[in-house]
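Enquirer: For the sequence shown, our numbering gives the first residue as 858, with consecutive numbering after it.
Think of the CB as a built atom: it goes at the ideal place given N, C-alpha and C, for glycine as much as any other residue.
This structure is a prediction, so every number in the text was calculated from the model and none was measured.
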Amino acid sequence: GKPPSTSQLMSKIRRQRERISLDFDFDDLLVPFSHSTQRKVLEVTQV
Numbered sequence: 858g859k860p861p862s863t864s865q866l867m868s869k870i871r872r873q874r875e876r877i878s879l880d881f882d883f884d885d886l887l888v889p890f891s892h893s894t895q896r897k898v899l900e901v902t903q904v
């Protein structure tokens, strides 16, 4: 099958984040992910 799109991943993360944020700061985990995602998005939009 097709890999999930960025928007699908982000909405999945948002749901997990809403659940997890009560327990600890999820932003620390999200930083490396968002950097690689931004790079991918930039590469795609420049094509």
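Can you list, in chain order, the residues of its chain whose CB lies under 7 Å from that of Leu866, leaving out five sequence neighbours each side?
Expert: Cβ within range, chain order: n/a, list empty.
Enquirer: Keeping to the same chain, check which residues put their C-beta closer than 7 Å to that of Thr863; ignore five residues upstream and five downstream.
Expert: The residues are Thr894, Val898.
Enquirer: If you check the beta carbons only, do Lys869 and Pro861 fall under 9 Å apart?
Expert: Against a cut-off of 9 Å, the Cβ pair of Pro861 and Lys869 comes out as a contact.
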